[in-house]
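I have placed the structure first, in the form of structure tokens, so that the comments after it can refer back to it.
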Amino acid sequence: MRPRKFASVLVRAVLMRRSSGNFGLYRFFLVNPRLAHLFMICSNIKLTAPAESIGINALAIHEWNQRDSTMDVQRKLEILADAAKYDASCASSGTEKRDSSDGKGLGSTAPGMGICHSYAPDGRCISLLKVLLTNACNYDCLYCVNRTSSNVPRARFTVDEVVKLTIDFYRRNYIEGLFLSSGIIRSADYTMEQVVSVARKLREEHHFRGYIHLKTIPEADDALIAEAGKYADRLSINIEMPLENSLAKFAPEKDMRAIRRTMGRLRLKLDEAQENNQTATQTKPPRFAPAGQSTQMIIGADAASDKTILDTSANLYGSYRLKRVYYSAFSPIPDASRALPLVPPPLLREHRLYQADWLMRFYGFDAGEIVEEAAGMLPLDIDPKLAWALRHRDRFPLDVATASREDLLRVPGFGTKAVDRIIATRRLTSIRLADLARLHIPQKKALPFIVLSDHRPSLHLLDGAGLKERFKPKATQLGFGF
Amino acid sequence: MHHITLDNETDFDGWRKAARALALNDVKPSDVSWRVADDAPELFEPTAPPLEPPPGTFNVPAKFVELAEAAILHRNPERFALLYRLLWRLRQNHDLLDIATDPDVAEVAAMAKAVRRDEHKMHAFVRFREVGREQNSHFVAWFEPEHHIVELAAPFFARRFADMPWSILTPDVCAHWDGHAVSITPGVSKSEAPTTDRLEETWRRYYASIFNPARLKVTAMQNEMPKKYWRNLPEASLIKPLIESAERTASAMIANAAIEPHKSQKRLEPAKVQDMARNHDDDDLETLREEAAGCRACPLWKDATQTVFGEGPQTARIILVGEQPGDKEDLAGKPFVGPAGQMLDRALEEAGIDRSTVYVTNAVKHFKFVPRGKIRLHQKPNTPEIKACRQWYERELAAIKPDLVVAMGATAAQSVFGKITPINKNRGRLIDLDDGTRALVTVHPSYLLRLPDADAKAREYQRFVQDLKIAADVLRKSAHAA
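What follows is the structure, encoded as structure tokens:
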């Protein structure tokens with residue numbers, strides 16, 4: 045390595061590449077379905093005879109086979125990223141502190157916040173290289189783009205290809221690390237072993253110290269799970285559906301009991317690693333996924349109510365100490381199943397569920413009190429905390445000067461940081477109306493519910509039927525009547 | 002009027018030294034003006050001679066130094082004066098920083114926050130381009146930070162990319178890493194930076210593929226990745242075309258009728274041959290266990306991880322019956338492995354009973370609990386649940402035909418005797434059951450764990466061991482008889 049003093053001596057990059065302009069994504073929807081079908085050859089799944097290929101001549105088969113053998117990494121990446129994008133998880137935070145300042149490896153972690161290196165126009169954070177090892181799958185889950193009966197093109201990365209892509213992307217600061225999942229091929233153990241071998245190679249051969257998130261295959265062998273935890277920062281298993289019978293209906297090969305048993309196994313291992321860390325006796329603790337485990341539920345594919353979803357989340361948080369439950373609005377997929385008609389994804393509902401999830405985890409709410417029992421669903425027009433406050437007006441107005449932390453957290457518009465600041469500030473001085481902006485509290489939302497040194501809401505407003513209307517988003521005017 | 006000239010935009014030490022001297026000389030904030038050396042000099046301004054710091058010192062909260070170190074990197078030219086004013090006011094009110102509603106505190110906090118956010122975004126959005134290949138490669142990035150954060154952010158890159166030489170070029174200053182140390186050089190123009198990298202096309206394809214056109218959320222993306230960063234992100238040129246075609250793509254997915262499902266691609270590994278050498282004596286218990294795994298006789302299965310069936314040899318002469326599995330048992334799928342299990346193990350050993358020779362089970366075989374945040378609160382099973390589960394106990398009993406059943410706790414006693422049976426009235430003696438087996442009643446080991454008083458705990462533990470010694474006696478006698 046040579047020291048570099050001045051940037052001006054840097055040479056310009058010499059490597060030119062072919063220009064871009066076509067987005068691989070769209071080819072999916074434009075291709076002749078027959079050809080898409082033939083893309084099957086791109087994976088290791090071979091058609092047994094040309095006859096099976098719905099009447100396309102042998103020459104075409106040959107041509108496509110040629111393409112198979114030379115299918116480039118870019119094309120595989122397009123297919124296998126497209127196949128992975130329905131997994132909402134993007135976190136790269138909460139793990140142990142690591143870096144490569146000893147000079148013997150590459151990478152570091154950002155335990156505090158995690159880093160999103162980019163954002164796609166769907167508003168989602170791009171933190172990790174999120175891909176499947178293969179999108180070939182034995183399972184036929186109706187909601188899934190990769191189900192065995194889908195006609196999407198298939199591909200399979202080699203272990204080395206994923207390792208190289210991860211490192212190449214990482215060195216350019218595109219990503220925090222790798223999120224690797226896979227379709228189930230052959231068996232749970234075979235698939236898990238393939239996934240683990242990527243992480244093993246990254247850690248053992250390339251001394252990669254960035255973030256690794258591995259999908260855990262339910263019912264995989266305990267030794268493989270232990271090894272996955274040794275290399276990964278986070279492990280996850282998707283629960284997919286809030287209810288056991290929906291999972292049985294939509295994903296016949298999946299077994300909710302097996303998923304929960306494996307989550308239980310993960311928690312025991314996580315607890316063990318943590319206990320050992322605390323006691324820190326002679327033996328070094330077996331490292332196990334320091335960023336814990338998470339899961340994902342699909343919203344809107346089945347008929348489960350928000351109450352059912354939140355009860356399931358509360359159960360999962362309590363039972364398996366999940367770091368996160370991700371909610372993923374069921375989204376249209378290419379080549380959908382006839383049995384599960386597509387609709388635009390319920391994005392607002394997904395957003396309300398995340399808000400409710402936050403109320404459970406950081407605001408001291410119980411799953412049972414967030415959703416109005418009779419309705420079973422969160423209102424879409426107002427946020428769940430405001431809806432709760434409107435149902436419990438007898439608990440307001442609250443005097444900000446004296447209320448407990450627990451009560452302050454229940455005021456609409458009050459975030460956890462604002463509450464901390466209020467508690468520190470009110471010891472020294474009174475809090476006035478003009479201070480709300482400096483505390484980053486939206487006045488309109490909070491004022492009907494709080495008493496400040498120079499503000500007292502009218503009880504008429506708090507008790508009146510108009511209060512709810514006040515918070516509803518204004519209807520957009522669509523046109524004028526003449 | 003005092004005119005202070007700092008060495009450069011990020012000269013915190015210079016500001017600190019000057020501010021200290023000014024404050025100790027009781028110079029009012031309104032009597033100081035601040036500038037940076039390479040600004041245009043303010044000609045013809047009378048300058049007061051530099052202040053000599055008088056002897057003495059004063060303390061500020063550590064939090065202030067932390068805040069000032071960040072805020073001084075802000076591009077706002079008023080920052081030096083603002084920080085001095087805050088320092089001045091802090092001398093009068095040591096708690097000032099806790100008053101989040103104070104305008105000066107709020108402004109400095111906002112500046113520090115903006116600086117940290119900019120630093121975070123620099124960690125995220127720097128894009129390295131490789132210059133040269135293999136051994137001679139050097140990674141160079143062009144970045145335009147909003148505030149003076151290059152020196153602040155550089156150590157992050159040094160820790161992360163320790164094994165590769167890199168340079169981050171900016172209009173203000175440039176940071177370089179040679180594998181040993183970070184060096185800072187003057188700013189350069191964008192034309193000094195490389196314009197392309199061989200991986201960028203791959204990265205752009207990834208960006209396009211990971212985007213889900215069915216869930217367009219442009220504002221969410223822009224909140225986190227403001228437009229000002231776009232010009233230096235290779236993927237940003239895709240944003241506009243992706244948004245433009247998103248709606249078309251998404252509605253096409255919804256409108257497209259499902260095509261013929263693809264033929265299954267299943268390739269399963271041959272199922273593992275069942276272990277034929279299995280002990281036939283265990284057959285009955287094994288069958289029972291498998292059957293019980295799917296038990297739905299009461300609603301407890303829904304929230305639990307799994308059925309926790311009994312464990313031990315079919316030839317056991319004693320069955321120990323507890324109440325229900327706890328948190329750890331539910332995860333592990335084995336009875337008495339948690340804290341109560343450890344208590345039981347200790348007591349059994351003291352009583353002279355080898356746990357591996359007895360059969361241990363529970364009256365109710367699913368864990369009953371309510372989730373409370375990250376933990377699960379144990380709930381006592383009710384009579385219908387005990388009754389629903391009794392079939393399994395009866396079938397375990399029939400399969401094993403023990404000499405003695407030890408009922409630990411009220412729930413176990415209710416199950417063993419088929420009716421509510423008080424512990425204290427019945428404990429410590431052998432009771433004949435209808436089928437010729439005998440029963441012994443004692444407390445549940447978790448009762449011992451719950452006793453708050455150490456003396457009572459020791460006393461009750463001894464009584465528990467005494468009860469188990471009665472069981473040990475039966476065991477010895479039955480061994481003699483055999």
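Here the protein sequences line up with chains G and P, keeping their order.
Residue 166 in our numbering sits at position 122 of the first sequence; the count goes up by one each step and never skips.
Residue 272 in our numbering sits at position 271 of the second sequence; the count goes up by one each step and never skips.
Glycine included, every Cβ here is placed at the ideal spot set by N, Cα and C.
Cβ-based neighbour list, residue i, same chain, cut-off 8 Å, excluding 5 preceding and 5 following
i	result
ALA107 (chain P)	ALA101
GLU237 (chain G)	LEU268
PRO262 (chain G)	ALA232, ILE281, LYS298, ASP299, ALA302, ILE303, ARG305 and THR306
VAL371 (chain P)	ARG377, LEU378 and GLN380
ARG331 (chain G)	GLY273, LYS274 and ALA317
ILE159 (chain G)	SER136, SER171 and GLU220
ALA348 (chain P)	PRO446, TYR462, PHE465, VAL466 and LEU469
Within chain P, the residues that residue i reaches when beta carbons sit closer than 8 Å
i	result
MET157 (chain G)	HIS121
HIS161 (chain G)	ALA125 and PHE126
ASP346 (chain G)	Ordered by position in chain P, no residue passes the 8 Å Cβ test against ASP346 (chain G), which lies about 16 Å from the chain.
Under the three-state DSSP convention, the category residue i falls into
i	result
MET165 (chain P)	coil
TYR394 (chain P)	helix
ARG309 (chain G)	helix
THR186 (chain P)	strand
HIS4 (chain P)	strand
GLU284 (chain G)	strand
PRO385 (chain P)	helix
ALA305 (chain P)	coil
SER145 (chain G)	coil
GLY158 (chain G)	coil
PRO372 (chain P)	strand
VAL466 (chain P)	helix
HIS257 (chain G)	strand
HIS504 (chain G)	helix
ALA176 (chain P)	strand
THR171 (chain P)	coil
ARG331 (chain G)	coil
Neighbourhood of residue i by C-beta distance below 6 Å, restricted to the same chain and skipping five residues each side
i	result
PHE337 (chain P)	LEU345 and VAL361
LYS516 (chain G)	ASP425
THR196 (chain P)	none
LYS18 (chain P)	none
Nearest-angstrom beta carbon gap, residue j and residue i [assumed within contact, 8 Å]
i	j	result
HIS75 (chain P)	HIS148 (chain P)	5 Å
LYS369 (chain P)	LEU301 (chain P)	5 Å
ALA456 (chain G)	LEU480 (chain G)	The amino acid occupying residue 456 (chain G) in the given sequence is Pro; Ala does not appear at that position. Their Cβ separation, rounded to whole angstroms, is 13 Å, which puts PRO456 (chain G) and LEU480 (chain G) out of contact at 8 Å.
PRO214 (chain P)	ALA247 (chain P)	4 Å
ALA110 (chain P)	LEU153 (chain P)	Actually they do not touch by this definition, with Cβ atoms about 17 Å apart.
GLN337 (chain G)	LEU384 (chain G)	The pair is not a contact, with the Cβ atoms about 28 Å apart (cut-off 8 Å).
MET222 (chain P)	ALA132 (chain G)	Contact doesn't hold; Cβ gap of about 15 Å is too wide.
Residues that residue i contacts on chain P, provided the C-beta gap is smaller than 7 Å
i	result
ILE343 (chain G)	Near ILE343 (chain G) there are no residues of chain P at all, since even the closest Cβ is about 12 Å away, more than 7 Å.
THR235 (chain G)	Here the premise fails: no neighbours, minimum Cβ distance about 10 Å.
ASP443 (chain G)	Correct list: empty, because the minimum Cβ distance to chain P is about 16 Å.
GLY151 (chain G)	ARG161
ILE281 (chain G)	The contacting residues do not exist; ILE281 (chain G) stays about 13 Å from chain P at best.
Chain G residues whose Cβ lies nearer than 8 Å to that of residue i
i	result
GLN307 (chain P)	ARG301, ARG304, ARG305 and GLY308
VAL127 (chain P)	ASN217
PHE140 (chain P)	ARG215 and ARG216
Chain G residues whose Cβ lies nearer than 7 Å to that of residue i
i	result
LYS375 (chain P)	TYR361, GLY362 and ARG365
PRO262 (chain P)	SER193
ALA221 (chain P)	GLY167
TRP393 (chain P)	The contacting residues do not exist; TRP393 (chain P) stays about 17 Å from chain G at best.
Chain-ordered neighbours of residue i on chain P, where CB pairs are closer than 9 Å
i	result
ILE377 (chain G)	ALA215 and MET254
GLY510 (chain G)	Within 9 Å Cβ-Cβ: nothing; GLY510 (chain G) doesn't reach chain P, min ~29 Å.
Contacts around residue i, its chain only, beta-carbon distance under 7 Å, and the 5 residues preceding and following it disregarded
i	result
LEU291 (chain G)	GLU284, MET285, LYS298 and MET300
Inside the region 446-485 of chain G only - alpha helix (DSSP H) runs reaching at least 4 residues: 449-452, 460-470 and 479-482
Start-end ranges of the beta strand (DSSP E) lying completely within the region 70-142 of chain P, minimum 3 residues: 129-132
Whole runs of the alpha helix (DSSP H) within the region 407-442 of chain P, excluding any shorter than 4 residues: You should have 411-418 and 424-427.
Segments assigned alpha helix (DSSP H), at least 4 residues, entirely inside the region 344-429 of chain G: List check, alpha helix (DSSP H) in window: 350-364, 391-406 and 411-414.
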